[in-house]
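Numbering (our numbering) for the sequence shown: 122 to 514. Okay, so here's the structure we're looking at.
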Amino acid sequence: MKALAWHGKRDVRVDTVPDPGIVEPTDAIIRVTTTAICGSDLHLYEVLGPFIREGMILGHEPMGVVEEVGSEVTEISPGDRVVIPFQVSCGHCFMCGQGLQTQCETTQVRDEGMGAMLFGYTKLYGDKDGGQAEFLRVPQANYTHIKVPDGPPDEHFVYLSDVLPTAWQAVEYAGIPDGGSVTVLGLGPIGDMAARIALHKGYRVIGVDLVDERLERVRSRGAEVLDLREHEKDLAEVIRGMTDGRGTDSVIDAVGMEAHGSPGAKTAQQLVGMLPDAIAERVMEKGGVDRLHALHLAIDAVRRGGTISLSGVYGGMADPLPLLTIFDKQIQLRMGQANVKRWVDDIMPLLLDGDPLGVEGFHTHRVPLDQGPVAYEMFQKKEDGAVKVLLSP
Ligand SMILES: NC(=O)c1ccc[n+]([C@@H]2O[C@H](COP(=O)([O-])OP(=O)(O)OC[C@H]3O[C@@H](n4cnc5c(N)ncnc54)[C@H](O)[C@@H]3O)[C@@H](O)[C@H]2O)c1
Ligand SMILES: [Zn+2]
Ligand SMILES: [Zn+2]
122 MKALAWHGKR DVRVDTVPDP GIVEPTDAII RVTTTAICGS DLHLYEVLGP
172 FIREGMILGH EPMGVVEEVG SEVTEISPGD RVVIPFQVSC GHCFMCGQGL
222 QTQCETTQVR DEGMGAMLFG YTKLYGDKDG GQAEFLRVPQ ANYTHIKVPD
272 GPPDEHFVYL SDVLPTAWQA VEYAGIPDGG SVTVLGLGPI GDMAARIALH
322 KGYRVIGVDL VDERLERVRS RGAEVLDLRE HEKDLAEVIR GMTDGRGTDS
372 VIDAVGMEAH GSPGAKTAQQ LVGMLPDAIA ERVMEKGGVD RLHALHLAID
422 AVRRGGTISL SGVYGGMADP LPLLTIFDKQ IQLRMGQANV KRWVDDIMPL
472 LLDGDPLGVE GFHTHRVPLD QGPVAYEMFQ KKEDGAVKVL LSP
């Protein structure tokens, strides 16, 4: 089959690899019909190379049709239309029972001290080949799937794999009070969808980014927006000015470790990228290599006693944080990978009754899998108005 595989920093290729087959009786094989590129994939493309095996198939936002199931799979059968969550979870352990599927005790990557296995996401998360391919092997398939009805096109449902539950959890974890306000930092797919969900729930949304079309997409849905390029120095001050001098009740960070505006850490990330993998890995695990501009903005812009919800992915183990301010402002911090299955029942009604979140027009590009390498580059450079790219295998 054809698959998009990682070969090095900014080097993603279309490889021909063996078709996956059933390995465990709880596996299923999915024929992928649509698969998306995520901002998390960009971290692999740019920064997280030391943790990836060359040739690993990327991707964790696939949907398609069940092709084959293992002997213990009873919940899906060949022909079913399914979306695959980005994490592998069992549905019957203590953590899954708590709605913490990203901590699934059956698939936790214990050797690395990490949570549940993720598709296409480094050896830290189980070194599992991902879904930017014609076929995907899905472990724990009795639970690691979301059945969706026939009829609407793939773009109606594909975001259940990641964008929708991640944005939903970001808003839930933000703990916005009734009638309250939230600043959303970063208006890529995650921040954009979080803004749409917060608006749908009746909150005041202030969106921040530095890319024209991203600001415009969110503004057109009813949010107020601020262009970081115009407020490099005074963003939090401006947000306080808009909120009775306090700051918003909550802030969602949908930017992550490659934030614009952190020149020191950008250099550190680039230096780490030049080290041999084994050393780079240690530096990244022990040192502080995240670009923390957005997180610092969040701490500044949230009101006293407010909540910061981090969905942007961070990876440093010793990142310097202003604990004095976090403590003094009595800030609550919640974060983590999204527990996909935890939120499906909340989200599904918004997909089955009209399209209040505008999922069908959400993607800016759909290209054949063959053009994946070009699509990665376009998405990373934010060229041609790219916000969300779907691939057709
Ligand atoms: N927690 C989860 O489960 C989960 C799931 C999916 C994605 N993510 C993470 O969410 C983040 C966003 O993902 P995405 O797909 O939207 O990616 P993206 O890269 O398209 O979006 C990031 C946006 O942040 C903007 N930005 C950069 N620096 C900024 C700054 N200092 N202030 C404000 N905005 C800034 C960029 O212009 C861009 O529009 C990534 O870190 C990704 O890894 C987390
Ligand atoms: Zn993703
Ligand atoms: Zn589990």
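Think of the CB as a built atom: it goes at the ideal place given N, C-alpha and C, for glycine as much as any other residue.
- In the three-state reduction of the DSSP assignment, THR155 falls in the strand class.
- Within a 10 Å sphere around the beta-carbon of VAL495 sit fewer than 16 other beta-carbons, which makes this residue exposed.
- Each residue's CA atom was taken as its position, placing LYS503 and ARG340 some 18 Å apart.
- Secondary structure note for LEU511: it is in no alpha helix (DSSP H), and the uninterrupted beta strand (DSSP E) holding it is 510-513.
- Under DSSP, the beta-bridge partners assigned to HIS486 are VAL510.
- Three or more beta-carbon pairs separated by less than 8 Å are not found between the segment 224-233 and the segment 160-169, which leaves the two stretches without contact.
- Contact between the segment 366-375 and the segment 296-308 is present: three or more C-beta pairs spanning the two stretches fall below 8 Å.
- At the C-beta level, ILE197 and HIS266 come within 8 Å of one another.
- For ligand 3, no non-hydrogen atom lies closer than 7 Å to the CB of MET235.
- In the three-state DSSP reduction, THR265 falls in the coil class, being neither helix nor strand.
- Two segments are said to touch when three or more pairs of C-beta atoms, one from each, lie closer than 8 Å; by this definition the segment 303-320 touches the segment 284-294.
- Between ILE158 and LEU512, the alpha-carbon positions lie close to 8 Å from each other.
- Around the beta-carbon of GLU481, fewer than 16 other beta-carbon atoms lie within 10 Å, marking it exposed.
- Under the three-pair Cβ rule at 8 Å, the segment 345-355 does not count as touching the segment 432-443.
- Partner residues in the beta bridge of PRO183, as assigned by DSSP, are THR156.
- Around ligand 2, the residues selected by a Cβ distance under 6 Å to any of its heavy atoms are CYS159, SER161, HIS181, GLU182, PHE207, ASP283, following chain order.
- By the Cβ rule, the segment 213-227 does not count as touching the segment 140-158, because fewer than three pairs are nearer than 8 Å.
- The continuous alpha helix (DSSP H) containing HIS417 extends over residues 414-422.
- Assignment of beta-bridge partners to TRP127 by DSSP yields VAL133.
- Residue pairing by DSSP places PHE240 opposite LYS249 in a beta bridge.
- Here the distance from the Cβ of ARG335 to the nearest heavy atom of ligand 1 is below 7 Å.
- Inter-segment contact for the segment 205-216 and the segment 459-469 is present: three or more beta-carbon pairs are separated by less than 8 Å.
- Within the same chain, GLY368 come within 6 Å of ARG361 by CB-CB distance, once the 5 residues on both sides are set aside.
- Scanning its chain for C-beta atoms nearer than 8 Å, with the 5 sequence neighbours on each side dropped, one finds around VAL259 the residues ASP148, ALA149, ILE150, ILE151, ILE205, VAL209, THR265, HIS266, in chain order.
- Distance check between VAL135 and each of GLY247, LYS322, GLN253 places GLN253 closest, using alpha-carbon atoms only.
- Rounded to whole angstroms, ALA295 and VAL138 show a C-alpha spacing of 42 Å.
- The beta carbon of LEU245 sits no closer than 7 Å to any heavy atom of ligand 1.
- Here the distance from the Cβ of THR156 to the nearest heavy atom of ligand 3 is not below 7 Å.
- As DSSP reads the structure, SER198 sits in no beta bridge.
- In the DSSP assignment, LEU257 is bridged to ILE151.
- Using a Cβ-Cβ distance cut-off of 8 Å, the segment 471-489 and the segment 241-253 are not in contact, since fewer than three pairs of beta carbons, one from each stretch, lie closer than that value.
- Between the alpha carbons of GLU379 and ARG412 lies a gap of roughly 5 Å.
- Excluding the 5 residues flanking it on each side, PRO270 has no same chain C-beta neighbour closer than 6 Å.
- With 16 or more other Cβ atoms inside 10 Å of its own Cβ, GLN224 counts as buried.
- Every residue whose beta carbon comes nearer than 5 Å to a heavy atom of ligand 3 appears here in chain order: SER210, CYS211, CYS214, CYS217, CYS225, THR227.
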